[in-house]
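For reference, each letter of the first sequence is one residue, going 25 to 164 in our numbering.
In what follows, a structure is listed as structure tokens, so that the remarks can point back to it.
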Amino acid sequence: MAYWLFKSEAEVWSWDQQVAKGETGEEWDGVRNYQARNNMRSMKLGERGFFYHSRKETEIVGIVEVCAEAHPDSKANDPRWECVDIKAVRPFKTPVTLAMCKEDARLKDMVLVNNSRLSVQPVTDEEWKIVCELGETDPS
DNA sequence: GCCAACGTTGGC
DNA sequence: GCCAACGTTGGC
């Protein structure tokens, strides 16, 4: 069971919009980066990920679940680009900011801390637990 | 709003 | 196949 992190600018696609999609979820479209796409190709149904607001808030605001495995991005005119569908699981009680992650020595190797430009990232089991703890949120 | 870091493109 | 030029992302 792998864990992930999805980044989005709140102005483009926010946590609230994700929640509004309910159980149906929504395509995580628009990824035009091979590394990020390859991460999505590795995702299995039911795997969990963090939902992160980039640029303005720079914080992890909720937990999502993969509800459809990788398929062609319906908004791309190019078959190279694929995406998964995700649905909101629960919001963080306390959002975990990037600054909090940077301050925590246990998270020094987290991709979020080291490679700010990758929009779909893997998260380790350990990092998952620590971030949930910082956010006072049920990790299950 | 600025700019560093990164990814991609395309000429050679 | 190299690398300069360009475009984009995202933290600050």
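Quick reminder that beta carbons are idealized off the backbone N, C-alpha and C, glycines included.
Legend entry - DSSP state of G46 mapped onto helix, strand, coil: helix
Inset, instruction - Identify which residue in K80, P103, E71, Q41 has its Cα closest to the Cα of E93. - result: E71
Inset, instruction - Determine the burial state of V36: buried for a count of at least 16 other Cβ atoms within 10 Å of its Cβ, exposed for fewer. - result: exposed
Legend entry - Contained alpha helix (DSSP H) runs [length at least 4] in the region 78-143, N- to C-terminal order: 122-127, 135-138
Legend entry - Backbone CA spacing between E127 and Q145 [nearest angstrom]: 20 angstroms
Inset, instruction - Return helix, strand or coil for K153, following the three-state DSSP convention. - result: helix
Legend entry - Close-in-space but distant-in-sequence residues of the same chain around C156 (CB under 6 angstroms, 5 per side omitted): P163
Inset, instruction - Could you have a look at R65 and say whether DSSP puts it in helix, strand or coil? - result: helix
Legend entry - Proximity of V113 and V90 at Cβ, strictly below 8 angstroms: no
Legend entry - Residues of its chain near E150, where Cβ-Cβ distance is below 8 angstroms and the 5 sequence neighbours each way are ignored: R130
Inset, instruction - Can you have a look at R56 and say buried or exposed, based on whether 16 or more other CB atoms are within 10 angstroms of its CB? - result: exposed
Inset, instruction - Output yes or no for whether 8 angstroms exceeds the beta carbon distance between W105 and R61. - result: yes
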